[in-house]
Every structure is written in C-alpha cells, then in structure tokens.
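Take a look at the structure below.
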Amino acid sequence: NNKKTVLLLGKSGIGKSSVGNVLLGEKKFAASMMEERGTKTCQIEESDQLLVVDTPGFFSSLRSDVDTANDIISTIKRLTSIHVCILVLSVDDRFSGSEDKAWEFVRCVFGGEISDQLMYIFTGKDSLEDDD
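Structure (structure tokens):
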C-alpha cells in the first residue's frame, strides 16, 4: 500500500472535515459548522494516493475529551503508520490554550518525534479583512 496517511486533529467546528475533503479532491466527509452535526467518531476516507482520518473535535460540549482521545487512539492503532498529522486551527480563534492541549495530546500519543510530521493548517481565510 503506497497511500500516505493523514490524521486531522483540532477543535470541534474548526473545519477538519472540509480540509479532509480538499485533500481528497472530493466531498467524502460531511462538513458542518454546527457542533451537533460535526464528526462524532473517527472516519477514514481515501483517494488513490491518500488515506485521511477525520477525527471528532476536542473541547466539545457534546463529548468528553477522554472519549474523543480514546476513539482517536483506537483508530490510530488500526493504521499501519501516520505520515502527516495536521493540526487544524482557525484564524478567527483567539489563542485560548486549547491549541497547547491539542499539541500535548499529539505528543503523548506519538512521542516527540511526531513534530517532524506535524503540519498546521489555518481555516477561516474568508473572514480576514482585506486591508489593501
């Protein structure tokens, strides 16, 4: 199997599913800005070259972070490897410390060496004001 595995992590409603759809080149994940309609369990979709894991969001009012972490860890154990871990962040969010908690989760699960495979993607470009 030559497919590269991409793991998407981030807060609820941040745009992980949309990022996954862009990576896959088609709409395979249901994307919603409403937390109650968002990803509730890890979902795996693939294209010819990628296997993308969309995860439920951290810091959700609908599910505990422990349940979310256990779901993600269980899914990761079934995978051969993870080539890229993408932490999805929003340009709209003020830094709240939740980003640090998400990074700590990644480090605890994968160890420090994951930083070589970690990528940040910022969503919400449309909401930025054009100063030109």
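In UniProt numbering, the protein residues as written are 1 to 132.
For glycine and all other residues, C-beta sits at the position ideal for the given N, C-alpha and C.
Comparing alpha-carbon positions, which option in the options lies nearest residue i?
i, options, result
"I76", "V66, T55, Q49 and S60", "T55"
"D100", "S64, A30, Y120 and G20", "Y120"
"V91", "F122, Q117 and S61", "F122"
"K40", "I114, C108, E26 and N70", "N70"
"L79", "F110, G124 and D116", "F110"
"S12", "E46, V6 and L62", "L62"
Determine the burial state of residue i: buried for a count of at least 16 other Cβ atoms within 10 Å of its Cβ, exposed for fewer.
i, result
"V53", "buried"
"T68", "buried"
"S74", "exposed"
"S60", "buried"
"G112", "exposed"
Can you name, in chain order, every residue of its own chain whose Cβ lies under 8 Å from the Cβ of residue i, other than the five neighbours on each side?
i, result
"K4", "Q49, L50, L51, H83 and V84"
Please return the same chain residues whose Cβ sits closer than 6 Å to the Cβ of residue i, not counting the five positions on each side in sequence.
i, result
"K16", "L8, G10, D54 and V88"
"S18", "A31"
"D65", "F58"
Along the chain, where does the alpha helix (DSSP H) containing residue i start, and where does it finish?
i, result
"G20", "K16 to L24"
Span of the beta strand (DSSP E) holding residue i?
i, result
"D67", "Not the beta strand (DSSP E): D67 falls in the alpha helix (DSSP H), residues D65 to K77."
"C85", "V84 to S90"
"K27", "Unbroken run through K27: none, as it is neither H nor E."
"I44", "Q43 to E46"
"T5", "K4 to G10"
"D116", "Segment: none, D116 is in no beta strand (DSSP E) and carries neither H nor E."
"L50", "L50 to D54"
With a threshold of 7 Å on Cβ separation, who are the neighbours of residue i within its own chain once the five nearest residues in sequence on each side are excluded?
i, result
"R107", "I114"
"L21", "It should be noted that the sequence gives Asn, not Leu, for residue 21. The answer, listed in chain order, is K27, K28, F29 and A31."
"A102", "L9, G10, F58 and L87"
Quick one: is the Cβ of residue i within less than 7 Å of any heavy atom of the ligand PLP?
i, result
"Q49", "Within the structure as shown, the ligand PLP is missing, as the structure has no ligands at all."
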